[in-house]
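**Student:** Numbered according to our numbering, the sequence shown spans residues 2 to 309.
All C-beta atoms, glycine included, are put in the ideal place defined by N, C-alpha and C.
No experiment lies behind these values; they were computed from the predicted model shown.
Before we start, here is the structure in question, set down as structure tokens.
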Amino acid sequence: TTDIRPNDNMSLPDSVIETNRPIRIENFSNHYRVMSADSDFRFSEEFEELKHVGREQPCTAADLPCNRPKNRFTNILPYDHSRFKLQPVDDEEGSDYINANYVPGHNSPREFIVTQGPLHSTRDDFWRMCWESNSRAIIMLTRCVEKGREKCDHYWPYDTMPVYYGDISVQILNETRYPDWNISEFMVCRGDTQRVIRHFHFTTWPDFGVPNPPHTLVRFVRAFREKVAPDQRPIVVHCSAGVGRSGTFICLDRIIQQISVSDYVDIFGIVYAMRKERVWMVQTEQQYICIHQCLLTVLEGKELTGAP
Ligand SMILES: CCc1ccc(NS(=O)(=O)O)cc1
């Protein structure tokens with residue numbers, strides 16, 4: 002039977018196709034047309050092949066009785082091998098634990114620290130993670146409350162007075178509001194050391210959904226990258242569970258950089274690699290398709306138009 006792969010991976014061995022499916026950028030528009038035909042039939046097939054990636058890996062720290070209350074969702078637990086470890090406090094069991102994983106980006110294997118939306122009871126741990134990882138930016142992709150449900154604690158001050166979270170003080174220096182996101186700078190201090198951490202808060206992305214229109218997300222990634230160039234310090238990314246919207250954002254950030262240095266783009270491979278580090282990264286098929294739609298708007302130069 003002829004192989005009817007919808008892209009040009011004819012020369013790759015099966016084992017590589019299982020983890021990578023690079024598409025030649027000049028063929029991407031046709032690839033999207035083939036994948037989305039018959040009610041997204043091939044997108045559904047491809048997304049289904051990602052279902053079990055990484056799921057065999059242990060989450061023993063997350064499952065310790067002392068750590069269970071630190072998880073927002075009982076079924077969204079960080080894999081041991083990639084979890085971020087806080088500096089332990091004396092012999093306090095579980096004091097190194099936070100629901101967060103290192104996830105690779107375009108620029109380094111530990112470019113991102115992806116975490117759940119802090120709980121009120123874990124927000125001090127969240128600021129310890131931001132401090133101890135030497136992070137210089139936080140990407141927030143959820144509102145604190147959506148449809149009457151708490152999705153994330155309001156873990157930063159409500160006004161310009163400094164607030165202590167454990168032994169870390171946070172003070173808002175400035176905030177700029179846009180239709181779909183807010184950008185703030187926080188002065189963060191621990192002891193005699195102070196740092197500025199930028200906060201990029203996307204405010205119109207419904208949980209389990211996609212931004213509308215998709216290119217709003219492209220503009221948000223551009224706004225972020227205008228202020229945060231690649232360097233060695235990690236970027237903290239969170240939504241509510243820290244899997245769906247966070248994975249979608251990171252994948253788009255990666256492919257926008259990938260197309261500037263390569264003739265190929267590999268969305269399947271990026272999601273595969275992310276799911277080896279954190280469960281359910283890019284949670285829904287619509288989010289997976291949205292990534293492709295965002296890339297189409299970039300390649301067709303439509304990200305800046307009002308076109309739907
Ligand atoms: C069922 C747990 C769960 C809740 C919310 C989400 N969405 S999110 O990862 O985009 O915040 C994903 C999973």
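1. Is F74 close to ligand 1? I mean its beta-carbon at under 6 angstroms from any heavy atom of the ligand.
2. Does the separation of the CB atoms of Q287 and G245 fall below 7 angstroms?
3. With a threshold of 16 other CB atoms inside 10 Å of the CB of F74, please say whether the residue is buried or exposed.
4. Give the DSSP-derived three-state secondary structure of V266 in the structure shown.
5. Is H202 near M141, with beta carbons less than 7 angstroms apart?
6. From which residue to which residue does the alpha helix (DSSP H) around T1 run?
7. Can you give the beta carbon distance from N41 to I290, rounded, assuming they're within the 8 angstroms contact cut?
8. Name the DSSP bridge partner or partners of S170?
9. In angstroms with no decimal places, state the Cα-to-Cα distance between P180 and D64.
10. Within 10 angstroms of the Cβ of D4, are there 16 or more other Cβ atoms? Answer buried if so, exposed if not.
11. Taking R111 as the reference, which of F85, E304, E94 has the closest Cα?
12. Would the beta-carbon of D1 be found less than 6 angstroms away from any heavy atom of ligand 1?
13. Give me the Cα-Cα distance between H32 and I24, rounded to the nearest whole angstrom.
14. Tell me, please, whether the region 186-193 touches the region 163-173 by the rule of three or more beta-carbon pairs shorter than 8 angstroms.
15. Straight-line CA distance for H155 to A62?
16. Hey, could you find the ends of the alpha helix (DSSP H) V299 is sitting in?
17. Should C295 and L218 be called a contact, given that it needs their Cβ atoms to be closer than 7 angstroms?
18. Would you be able to state if there are at least three C-beta pairs under 8 angstroms between the region 98-107 and the region 266-280?
19. Give the C-beta separation of R199 and V164 to the nearest angstrom, bearing in mind that I take them to be a contact with Cβ-Cβ under 8 angstroms.
20. How big is the Cα-Cα spacing for I292 and D208?
21. Answer with buried or exposed for A38, where buried requires no fewer than 16 other C-beta atoms within 10 angstroms of its C-beta.
22. Let me check understanding here. Comparing Cα to Cα, which of R234, C240, L300 lies closest to E133?
23. In terms of residue numbering, what span does the alpha helix (DSSP H) encompassing K228 cover?
24. Just to confirm the assignment, what range does the alpha helix (DSSP H) spanning V35 have?
25. Determine the contact status of S247 and V237, defining contact as a CB-CB distance below 7 angstroms.
26. Check this for me: beta carbons of L78 and C67, under 7 angstroms apart or not?
27. Tell me where the alpha helix (DSSP H) around A62 begins and ends.
**Tutor:** Let me lay it out:
1. Checking every heavy atom of ligand 1 against the Cβ of F74, one is found closer than 6 angstroms.
2. The Cβ-Cβ distance between Q287 and G245 does not fall below 7 angstroms.
3. Exposed, by the Cβ-count rule.
4. Of the three classes helix, strand and coil, the one that applies to V266 here is strand, per DSSP.
5. Yes, the pair counts as a contact, with Cβ atoms nearer than the cut-off.
6. Because the chain in this structure spans residues 2 to 309, residue 1 falls outside the shown range and cannot be described.
7. First, the residue type needs correcting, since residue 41 is Asp and not Asn in the sequence shown. Distance from D41 to I290 at the Cβ level is roughly 6 angstroms; contact confirmed, criterion being Cβ atoms closer than 8 angstroms.
8. Note: S170 sits in a beta bridge opposite Y165, C190.
9. Distance between the alpha carbons of P180 and D64: 40 angstroms.
10. Residue placement at D4 is flagged as unreliable, the pLDDT there being 41, under the threshold of 50; a coordinate-derived value is accordingly withheld.
11. The option with the nearest alpha carbon to R111 is F85.
12. Limits of the chain in this structure are 2 at one end and 309 at the other, which puts residue 1 out of reach.
13. Counting only the Cα atoms, I24 lies some 8 angstroms from H32.
14. Counting C-beta pairs with one atom in each stretch, the region 186-193 and the region 163-173 have three or more that are closer than 8 angstroms, which means they touch.
15. The straight-line gap from Cα to Cα measures roughly 26 angstroms.
16. 286-300 is the span of the alpha helix (DSSP H), which, as asked, contains V299.
17. Taking 7 angstroms as the Cβ cut-off, C295 and L218 qualify as a contacting pair.
18. Three or more beta-carbon pairs separated by less than 8 angstroms link the region 266-280 to the region 98-107, which places the two stretches in contact.
19. No, R199 and V164 are not in contact; Cβ-Cβ is about 18 angstroms, not under 8 angstroms.
20. Rounded to whole angstroms, I292 and D208 show a C-alpha spacing of 16 angstroms.
21. Counting the other Cβ atoms within 10 Å of the Cβ of A38 gives fewer than 16, which makes it exposed.
22. Proximity to E133 across R234, C240, L300 peaks at R234, based on C-alpha coordinates.
23. Counting along the chain, the alpha helix (DSSP H) containing K228 begins and ends at 216-228.
24. DSSP places V35 in the uninterrupted alpha helix (DSSP H) bounded by 29-49.
25. In this structure, V237 does not lie closer than 7 angstroms to S247 by Cβ.
26. No. Outside cutoff.
27. Residues 61-64.
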